[in-house]
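What follows is a short report on a single structure.
In our numbering, the protein residues as written are 523 to 628.
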């Protein structure tokens with residue numbers, strides 16, 4: 523499986539963005555496979571992966587192809603990689619909220 527991964531260093535920490543350029547319309551299964559590969563690579567870097575499956579919807583707030591696909595990928599990942607810390611589908615700004623802040627918003 524070929525997929526891309528960007529590494530972004532910010533003042534708040536390092537972000538790893540998986541497959542934003544290579545696979546144009548991956549299936550839920552392909553998203554799950556790419557996520558597992560990206561998580562393994564982060565472990566190679568000595569990082570503990572925390573995964574957010576991104577979409578224009580957060581936790582079922584909107585319908586459509588992308589949110590549905592991400593929810594399906596999440597279900598696959600919870601079965602295939604139960605130890606992986608993952609959540610979604612969610613919008614990017616929600617994914618970047620620190621956990622302590624997010625728990626106060628819910």
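Note that CB positions come from ideal geometry on N, CA and C, so glycine has one too.
- Taking 7 angstroms as the cut-off, the Cβ atoms of residue 583 and residue 611 do not count as close.
- Excluding residues up to 5 positions away in sequence, 577, 579, 611 lie with their Cβ nearer than 6 angstroms to the Cβ of residue 589 in the same chain.
- Under the DSSP assignment, residue 572 falls in the beta strand (DSSP E) whose first and last residues are 572 to 576.
- In the three-state reduction of the DSSP assignment, residue 584 falls in the coil class, being assigned neither a helical nor a strand state.
- With contacts defined by Cβ atoms closer than 7 angstroms, residue 571 and residue 561 form a contacting pair.
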